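Sequences listed follow chains W and B, in order.
One point on numbering: in full-length UniProt numbering, the residue at position 291 of the first sequence is 291, and numbering is uninterrupted.
One point on numbering: in full-length UniProt numbering, the residue at position 148 of the second sequence is 148, and numbering is uninterrupted.
For each residue, glycine too, the CB sits at the ideal point set by N, CA and C.
Bear in mind that the values here come from a model prediction, so they are computed numbers and not experimental data.
Written out below as structure tokens is the structure these notes cover.
There are 2 protein chains.
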Amino acid sequence: MIDTAAFLADLDTLRKIGEYKTGVHRPTFSPQDMESRHWLAARMAEVGLEPTIDGIGNVFGRHTGPGPHVLAGSHIESQNYAGWLDGALGVISALALARAGLPVDVCAYCDEEWHFGAGFIGSRSLIGRLSEEEIDASVGTFTGQPLREALEQAGLAGKPRIVIDPARYKGAFEMHIEQGTQLENAGLRVGVVTGIVGIRNYVIEVEGKQDHTGGTTMAERKDALVGAMRILHAIDMEFPRVCGERSVWTAGKLVLDPNAPHIIPGHATINFSFRDIDNAVMDRMAAALERIVQEHNRRDRCPATLQLTARSEPALSDPAMLAALTSAAGELAPGAWQAMPSGAIHDSQHLARVMPVAMLFTPSIGGISHHWTEDTKREDLELGMRVLHEGVSRFLAA
Amino acid sequence: MIDTAAFLADLDTLRKIGEYKTGVHRPTFSPQDMESRHWLAARMAEVGLEPTIDGIGNVFGRHTGPGPHVLAGSHIESQNYAGWLDGALGVISALALARAGLPVDVCAYCDEEWHFGAGFIGSRSLIGRLSEEEIDASVGTFTGQPLREALEQAGLAGKPRIVIDPARYKGAFEMHIEQGTQLENAGLRVGVVTGIVGIRNYVIEVEGKQDHTGGTTMAERKDALVGAMRILHAIDMEFPRVCGERSVWTAGKLVLDPNAPHIIPGHATINFSFRDIDNAVMDRMAAALERIVQEHNRRDRCPATLQLTARSEPALSDPAMLAALTSAAGELAPGAWQAMPSGAIHDSQHLARVMPVAMLFTPSIGGISHHWTEDTKREDLELGMRVLHEGVSRFLAA
Chain W
1 MIDTAAFLAD
11 LDTLRKIGEY
21 KTGVHRPTFS
31 PQDMESRHWL
41 AARMAEVGLE
51 PTIDGIGNVF
61 GRHTGPGPHV
71 LAGSHIESQN
81 YAGWLDGALG
91 VISALALARA
101 GLPVDVCAYC
111 DEEWHFGAGF
121 IGSRSLIGRL
131 SEEEIDASVG
141 TFTGQPLREA
151 LEQAGLAGKP
161 RIVIDPARYK
171 GAFEMHIEQG
181 TQLENAGLRV
191 GVVTGIVGIR
201 NYVIEVEGKQ
211 DHTGGTTMAE
221 RKDALVGAMR
231 ILHAIDMEFP
241 RVCGERSVWT
251 AGKLVLDPNA
261 PHIIPGHATI
271 NFSFRDIDNA
281 VMDRMAAALE
291 RIVQEHNRRD
301 RCPATLQLTA
311 RSEPALSDPA
321 MLAALTSAAG
331 ELAPGAWQAM
341 PSGAIHDSQH
351 LARVMPVAML
361 FTPSIGGISH
371 HWTEDTKRED
381 LELGMRVLHE
391 GVSRFLAA
Chain B
1 MIDTAAFLAD
11 LDTLRKIGEY
21 KTGVHRPTFS
31 PQDMESRHWL
41 AARMAEVGLE
51 PTIDGIGNVF
61 GRHTGPGPHV
71 LAGSHIESQN
81 YAGWLDGALG
91 VISALALARA
101 GLPVDVCAYC
111 DEEWHFGAGF
121 IGSRSLIGRL
131 SEEEIDASVG
141 TFTGQPLREA
151 LEQAGLAGKP
161 RIVIDPARYK
171 GAFEMHIEQG
181 TQLENAGLRV
191 GVVTGIVGIR
201 NYVIEVEGKQ
211 DHTGGTTMAE
221 RKDALVGAMR
231 ILHAIDMEFP
241 RVCGERSVWT
251 AGKLVLDPNA
261 PHIIPGHATI
271 NFSFRDIDNA
281 VMDRMAAALE
291 RIVQEHNRRD
301 RCPATLQLTA
311 RSEPALSDPA
321 MLAALTSAAG
331 ELAPGAWQAM
341 PSGAIHDSQH
351 LARVMPVAML
361 FTPSIGGISH
371 HWTEDTKRED
381 LELGMRVLHE
391 GVSRFLAA
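Below, the structure is given as structure tokens:
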């Protein structure tokens with residue numbers, strides 16, 4: 001049987017590490033993050049797993065008994081000043097599966113939250129898709145700190161990296177908060193995830209000329225923010241013409257140099273990304289973006305460059321795992337669940353390259369995510385935990 | 001006679017204080033800035049002036065002989081990592097006038113470069129238009145540090161502030177770099193300034209909702225950068241319909257919160273300003289800006305607020321001072337000078353509230369300003385110095 005009290009108690013304890021208001025601040029490899037990893041390794045040992053913190057920061061708890069095995073987990077670091085459940089829920093629910101006696105390897109995949117390099121360094125390393133060269137070249141998204149230096153400070157330099165053998169596993173499960181309002185708006189308590197969107201990340205650089213705002217006439221100036229704004233406006237006009245029904249696109253970060261009230265911006269850097277469940281739709285959006293930048297460079301006096309910096313593929317859930325979760329949800333949460341795609345990307349998307357995957361969602365109150373006010377009702381956490389346990393049990397027995 | 005060799009030597013010495021590449025980094029009240037103020041006070045004493053560094057950071061050198069007097073100077077702090085002549089030229093040329101025996105009070109007006117509060121705290125304090133309450137409320141533009149704390153650290157807390165008696169002066173002169181390309185493009189070496197533009201500064205705040213970029217559908221999201229971009233686009237479309245021939249407008253600073261690639265921006269803050277020599281034109285631009293924000297709030301789901309944070313009035317040069325500079329330029333730089341407005345604002349604009357003012361420009365190579373590559377040919381600096389000396393002499397004799 002699943003011990004939901006212990007599961008909730010573990011979540012509450014973990015919440016205290018790096019506590020910030022009602023959320024947490026545990027950026028990857030910060031002292032708070034490393035404290036949480038060591039705490040998790042100790043909890044894994046308590047439930048009978050063999051814990052290891054490997055050379056990229058993955059916390060891996062190996063089941064010592066016979067299989068067939070499943071892999072379960074998520075991430076334990078947070079976005080800056082963000083929610084207490086994002087990632088932690090998937091790790092602690094996996095720990096609860098192991099405590100309940102299921103043949104589960106538990107993993108906290110390192111840096112799903114993209115504090116370093118091209119993101120997902122933990123899950124990619126675990127499946128053998130992270131090179132030493134990429135680690136050499138990666139730096140902190142917010143800090144600029146080299147990843148090697150951060151690993152050194154975290155006490156992880158020189159430790160071996162774990163690479164799993166996919167043949168050991170029937171599949172990988174991940175429970176996560178929805179990070180949206182679909183469940184809440186429909187009055188539902190559980191989401192069985194049918195697939196995960198793909199994402200394409202771009203950096204758009206706009207080159208202007210830094211100058212005094214008073215001494216430079218409008219005809220002379222090359223204002224990089226004006227250039228950036230015109231590109232963003234073209235996206236705002238063009239993307240609705242090519243997008244799919246559930247496509248999303250976002251410029252989340254815009255950095256001006258020098259960014260001072262009375263200096264004409266000399267340079268603008270935009271981080272832009274879009275997501276969809278269908279690669280054909282994403283190909284249309286990519287082509288539109290390329291045309292927008294091409295046309296901008298024909299017209300504007302601030303030339304722009306477009307670089308695709310990362311790309312992940314849509315991943316559909318495994319039918320047998322989906323069936324097990326669906327039947328469990330139907331029995332334990334009758335009328336209170338739905339099947340749905342995931343608009344967010346997750347470690348499961350990388351694991352899907354080497355084994356079957358499936359995910360389960362709990363509702364996010366107000367849809368809030370990546371902010372310290374993120375939360376989920378305790379009864380929904382418990383219900384999700386019971387559905388996950390029952391689903392994994394049925395899948396293993398099938 | 002004017003000693004241009006000593007004038008250039010002083011500029012070269014001052015350039016070493018806070019040197020950054022070929023420019024300087026002397027933000028107001030930084031250790032480098034305070035070193036330059038104390039250095040200047042010592043130079044003032046050398047040329048026979050009575051130096052004081054007052055309670056707001058003004059470095060004031062009082063002529064001890066009989067009048068009629070003129071006031072001359074500019075500012076000595078720099079923008080961050082900016083040019084070596086911006087401000088320094090006006091201060092050191094004023095020092096050279098005093099060395100040449102003219103009855104000149106020399107002043108380095110503190111913080112023309114707007115590192116604190118509403119800017120121009122030095123020249124406004126000098127004419128009695130800076131209240132203790134405003135000092136209490138002012139904070140660092142880039143640092144957020146309270147002005148009171150910065151004054152304390154600079155050793156200026158509790159020192160009296162100098163307020164001048166306008167009756168002491170026939171007028172105030174300021175030499176400055178052009179900060180544009182008009183002189184260079186016309187192949188000229190001296191600009192006699194007919195007037196200084198007015199400027200209106202605004203802060204535009206756009207309120208969105210911070211959320212996960214994947215879990216929030218396009219229909220649900222409130223993206224503050226999209227809202228900000230739509231306002232900037234409307235300005236880009238509407239301002240050409242209401243502007244004057246020489247109007248300029250700029251959004252120099254845009255700050256997103258939290259400004260992370262995969263989080264929908266929850267808040268955007270824009271620093272926007274415009275300039276013109278004619279208040280009627282600026283009134284039209286102000287009305288257009290208000291209409292743009294009003295219409296934005298009728299249409300958009302991210303509401304915006306518009307706040308006028310500072311306003312300076314256009315200031316025309318004094319006819320007698322202009323005539324003296326014009327006749328000096330005609331004699332010393334025949335065919336190599338022009339009369340022109342100043343697109344940048346200067347301390348003289350504030351002094352103009354209490355006495356006649358005039359300014360002289362030297363060319364800026366490539367028009368570059370507020371950047372460490374800013375420069376002026378040495379022969380143009382010397383020529384400007386000779387024209388200023390001759391013009392001030394003629395004005396005093398008139």
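Asked: Between the CA atoms of PHE7/B and SER93/B - distance to the nearest angstrom; Found: 7 Å
Asked: Cutoff 8 Å; reference VAL293/W; Cβ partners in own chain excluding five residues on either side; Found: ILE204, ILE231, ALA304, THR305 and LEU306
Asked: Under 7 Å by beta carbon: chain B residues contacting ARG38/W; Found: The question names Arg, but residue 38/W in the sequence shown is His. What HIS38/W touches in chain B: nothing, since even the nearest Cβ is about 27 Å away.
Asked: DSSP bridge partner residues for GLU174/B (one or two, in chain order); Found: MET359/B
Asked: Residue of TRP84/B, VAL163/B and ASN80/B minimising C-alpha distance to ILE56/B; Found: VAL163/B
Asked: Under 8 Å by beta carbon: chain W residues contacting PRO261/B; Found: TRP114, THR141, ASN201, GLY252, LYS253, ASN271 and SER273
Asked: Supposed close pair MET359/W, GLU174/W - CB separation, criterion 8 Å; Found: 5 Å
Asked: Counted within 10 angstroms of its Cβ, other Cβ atoms place MET1/W as buried (16 or more) or exposed; Found: exposed
Asked: Which listed residue (LYS222/B, ASP283/B and ALA224/B) has its alpha carbon closest to that of CYS243/B; Found: ASP283/B
Asked: ASP347/B and SER74/B closer than 8 Å at C-beta; Found: yes
Asked: Cα-Cα separation, ASN297/B to ARG200/B; Found: 22 Å
Asked: Contact under 8 Å by Cβ, VAL47/B with LEU11/B; Found: no
Asked: Helix, strand or coil at THR194/B according to DSSP, with G and I counted as helix; Found: strand
Asked: Proximal residues, the segment 205-217 of chain W versus chain B, C-beta separation under 7 Å; Found: GLN210, ASP211, HIS212, THR213, GLY214, GLY215, THR216 and THR217
Asked: Cut-off 8 Å between Cβ atoms - residues of its own chain near ALA186/W, not counting five sequence neighbours on either side; Found: GLN338
Asked: Inter-residue spacing [alpha-carbon to alpha-carbon] between ASP54/B and THR64/B; Found: 18 Å
Asked: Cβ-based neighbour list, GLY367/B, same chain, cut-off 6 Å, excluding 5 preceding and 5 following; Found: GLY180 and THR181
Asked: Sufficient close CB pairs (3 or more, under 8 Å) joining the segment 251-263 of chain B to the segment 234-252 of chain W; Found: yes
Asked: Backbone CA spacing between PRO341/W and ARG299/W [nearest angstrom]; Found: 40 Å
Asked: Rounded distance between the beta-carbons of LEU351/B and ILE127/B, thought under 8 Å; Found: 7 Å
Asked: Residue-chain proximity (VAL193/B, chain W), Cβ-Cβ < 8 Å; Found: no
Asked: Chain W contacts from the segment 363-384 of chain B (Cβ-Cβ distance under 8 Å); Found: SER364, GLY367, ILE368, SER369, HIS370 and HIS371
Asked: C-beta neighbour in chain B for VAL242/W, strict 8 Å; Found: no
Asked: First through last residue of the alpha helix (DSSP H) which encompasses SER327/B; Found: 319-332
Asked: Contact with chain B by ALA288/W, beta-carbon distance below 8 Å; Found: no
Asked: Endpoints, the alpha helix (DSSP H) within which GLY384/W is located; Found: 378-397
Asked: Distance between beta carbons of LEU325/B and VAL192/B, contact taken as under 8 Å; Found: 5 Å
Asked: Neighbourhood of ARG241/B by C-beta distance below 6 Å, restricted to the same chain and skipping five residues each side; Found: none
Asked: Cross-strand partners of GLN338/B (DSSP beta bridge); Found: GLY191/B
Asked: Counted within 10 angstroms of its Cβ, other Cβ atoms place LEU188/W as buried (16 or more) or exposed; Found: buried
Asked: At least three beta-carbon pairs within less than 8 Å, the segment 76-89 of chain W to the segment 13-30 of chain W; Found: yes
Asked: Spatial distance of LEU151/W from ALA157/W (CA atoms); Found: 5 Å
Asked: Under the three-state DSSP convention, the category GLY367/B falls into; Found: helix
Asked: Where PRO51/W sits in the DSSP three-state scheme; Found: strand
Asked: CB-CB length for GLY343/B against GLY215/W, believed under 8 Å; Found: 5 Å
Asked: Interface residues of chain B facing ASP236/W [CB-CB closer than 8 Å]; Found: VAL226, MET229 and ARG230
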